[in-house]
Each structure stands twice: as C-alpha cells, then as structure tokens.
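Numbering (UniProt numbering), first residue to last: 1 to 84.
Ideal placement from N, C-alpha and C gives every residue a C-beta, glycine not left out.
This structure is a prediction, so every number in the text was calculated from the model and none was measured.
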Amino acid sequence: MADRPRDLAERMARRRKAVAGSGDPAGDGYLRESFTLPRAAARARAQAFFARYPKAGYMSEVETWRELPDGDIEFTMRRLPSAD
1 MADRPRDLAE
11 RMARRRKAVA
21 GSGDPAGDGY
31 LRESFTLPRA
41 AARARAQAFF
51 ARYPKAGYMS
61 EVETWRELPD
71 GDIEFTMRRL
81 PSAD
C-alpha cells in the first residue's frame, strides 16, 4: 500500500522525537565522541576513526577542535550510527 506524503511526514516526525529523546542532545541523529590527546595521538586517533567509520558511509567528520594551552588537542568526532 502506498503511503500518502502526510503519512510519511508523521512517521518521520515520530522517529525524530524518538531519536531526540534517546540522549542525543543535538537531536540530529549523529553519534559524537570527544577526546583530549597530545597532537600526535590526536592525529592518529582521528585517522583510526576515519578508517573504522569512512566519511562516505558514515558522514564522519571532526566536528570541533581546539589547541589547549598545554599543547593537547581537544576535539569531537561525529558520525551516523550506521552506514547505508
């Protein structure tokens, strides 16, 4: 049976509410991991993250990063929960 556009929109809205209520503060469906590491270790961790969760499949990216006064890098990686 074909769904009407309204049925699809309601189903998507219910799903969005379920994701937002699941502990995802942004409610956008992305999973995030934050790290604080020395520069070399941060680079290696980001490369390992991209190897495990490729950008093309998981829309992975370094969401934010900054260098701390002690030289460590604080960064947040984000990805989708599963690849399509």
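In this model, Y53 and W65 are separated by some 19 Å (Cα to Cα).
Contact between the segment 41 to 55 and the segment 6 to 16 is absent: fewer than 3 CB-CB pairs across the two stretches fall below 8 Å. With contacts defined by Cβ atoms closer than 8 Å, F35 and R45 form a contacting pair. The C-beta separation of Y58 from A41 comes to about 22 Å, leaving the pair out of contact by the 8 Å criterion. Of the candidates E10, L80, E74 and R79, the residue whose Cα lies closest to the Cα of P38 is E74.
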